[in-house]
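See structure below.
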Amino acid sequence: MSKLDGKVALVTGSGRGIGQAIALKLAREGAKVVINDLDEGPAAETVAAIKALGSDALAVVGDVTAKDFGDRIVKAALEGFGRLDIIVNNAGYPWDGVIQKVTDEQWYAMLDVHATAPFRVLRAASDYIRSATKAEKERGEVVSRKVVNISSMGGLCGNPGQIAYGAGKSALVGITKTMAKEWGRYGVNVNCVAFGWIKTRMTKPAGSGQEESHKTHGIEIKMGVNADLLDTMSKMIPLGRGGTPEEAAGAVYLLCLPEADYITGEVVMCTGGFTM
């Protein structure tokens, strides 16, 4: 029997990268997973990969910053699988710039995707969380549920050129701690994982020809990190390298286990030791 048998997980931004690795890890451990991506193709591929593992999944395609997104994805989970046990607010992307060059549009885009979108998902889940807990108590059952919000080293330590991104990720830490106190009475553990350098499409060396872009607000945002900076970071990280999406997923998985039932309101740093 796997650790998460019978559980239903919702993972935003799970069509690729870290989000996909999280979804696959939870599925391997027995959870059914609600997948989300901005694009239909990656979402469908992740659903197919999960079904190939012997678990089940469904996809909710769309922009997490849409006002109705939280309601839509929670409704899909409950209608599709009848319950909701794990919420991972993972969707996000960097839109960098030094303060004098950051537009209002850029600022609000970072707050919308990293703070407002998770808030709306949790708000949408609140009726179910409260009613399910009440019914379980009446039956004498104890069911633990988990929320894992994905922040960043930039949200805790700050990075030059990431004032908007850092503000959004820092806000998510505040959301985590507040909801840990609000939902503790319902047996929900709410924690945060803050990543450092994880090797994804967003952190490929800039100028290498391998980096990708993300389109938002009609603007094409080039991903990628300066190659010299990546080299410097690898020398400053005690483990000597960036992490893999699978290692990142492992940190999230640990907080979804029954063994983590007495951990809440915490921020777990997954940085290879960079932030020691």
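Its first residue numbered 1, the sequence shown is counted upward by one per residue in UniProt numbering.
Note that beta-carbon positions come from the ideal geometry of N, C-alpha and C, so glycine has one too.
Counting along the chain, where does the alpha helix (DSSP H) carrying residue i start and finish?
{"i": "Cys270", "result": "Per DSSP, Cys270 belongs to no alpha helix (DSSP H); it is in the beta strand (DSSP E), Val267 to Cys270."}
{"i": "residue 365", "result": "This structure gives no information on residue 365, because the portion of the chain shown stretches from 1 to 276."}
{"i": "Arg234", "result": "This sequence places Ser at residue 234; Arg is not what is there. Per DSSP, Ser234 belongs to the alpha helix (DSSP H) from Ala227 to Met236."}
{"i": "Pro160", "result": "Per DSSP, Pro160 belongs to no alpha helix (DSSP H) and is neither H nor E."}
{"i": "Trp107", "result": "Asp104 to Leu111"}
{"i": "Leu254", "result": "Pro245 to Cys256"}
{"i": "Arg139", "result": "Here Arg139 belongs to no alpha helix (DSSP H), and DSSP marks it neither H nor E."}
{"i": "Leu24", "result": "Gly17 to Arg28"}
{"i": "Thr46", "result": "Glu40 to Ala52"}
Per DSSP, what are the beta-bridge partners of residue i in this structure?
{"i": "Val189", "result": "Per the sequence shown, residue 189 should be read as Asn rather than Val. Note: Asn189 sits in a beta bridge opposite Lys146."}
{"i": "Ala57", "result": "Val33"}
{"i": "Ile86", "result": "Ala9 and Lys146"}
{"i": "Gly129", "result": "A small fix is needed here, since residue 129 is Ile in this sequence, not Gly. In DSSP, Ile129 forms no bridge with anything."}
{"i": "Ala194", "result": "Ser151 and Met269"}
{"i": "Pro205", "result": "Val225"}
What span of residues does the beta strand (DSSP E) with residue i cover, start to end?
{"i": "Ala91", "result": "Note, Ala91: premise wrong, no beta strand (DSSP E); not H, not E."}
{"i": "Ala9", "result": "Val8 to Val11"}
Taking only the alpha-carbon atoms, compute the straight-line gap between residue i and residue j and give it to the nearest angstrom.
{"i": "Thr244", "j": "Thr203", "result": "11 Å"}
{"i": "Ala66", "j": "Gln20", "result": "21 Å"}
{"i": "Asn225", "j": "Ala91", "result": "In the sequence under discussion, the amino acid at residue 225 is Val, which differs from the Asn named in the question. Distance between the alpha carbons of Val225 and Ala91 is about 19 Å."}
{"i": "Leu10", "j": "Ser170", "result": "22 Å"}
{"i": "Cys157", "j": "Glu247", "result": "21 Å"}
{"i": "Glu266", "j": "Thr275", "result": "16 Å"}
{"i": "Met1", "j": "Trp95", "result": "42 Å"}
{"i": "Gly15", "j": "Arg185", "result": "33 Å"}
{"i": "Arg145", "j": "Val252", "result": "14 Å"}
{"i": "Gly218", "j": "Ile73", "result": "24 Å"}
{"i": "Val8", "j": "Ala77", "result": "8 Å"}
{"i": "Phe69", "j": "Gly166", "result": "23 Å"}
{"i": "Ile18", "j": "Leu58", "result": "18 Å"}
{"i": "Val188", "j": "Val147", "result": "7 Å"}
{"i": "Ile221", "j": "Ala49", "result": "28 Å"}
{"i": "Leu239", "j": "Ile198", "result": "13 Å"}
{"i": "Thr12", "j": "Thr176", "result": "16 Å"}
{"i": "Asp228", "j": "Lys3", "result": "41 Å"}
Does DSSP put residue i in a helix, in a strand, or in coil?
{"i": "Gly97", "result": "strand"}
{"i": "Arg241", "result": "coil"}
{"i": "Phe274", "result": "coil"}
{"i": "Ile175", "result": "helix"}
{"i": "Val64", "result": "coil"}
{"i": "Lys181", "result": "helix"}
{"i": "Tyr262", "result": "coil"}
{"i": "Leu4", "result": "coil"}
{"i": "Lys199", "result": "coil"}
{"i": "Ser170", "result": "helix"}
Please confirm if residue i has its CB atom under 9 Å from at least one CB of chain B.
{"i": "Gly70", "result": "No chain B appears in this structure, which consists of one protein chain only."}
*Check whether the stretch 97 to 114 touches the stretch 50 to 62, taking contact to mean three or more Cβ pairs, one atom from each stretch, closer than 8 Å.*
no
*Count the C-beta pairs between the stretch 72 to 89 and the stretch 126 to 142 that are closer than 8 Å, then say yes if the count reaches three, no if not.*
yes
*asked:* Any contact between the stretch 97 to 108 and the stretch 27 to 39? By contact I mean 3 or more CB pairs, one from each, below 8 Å.
replied: no
*asked:* So, does the stretch 261 to 270 touch the stretch 33 to 48, judging by three or more C-beta pairs under 8 Å?
replied: no
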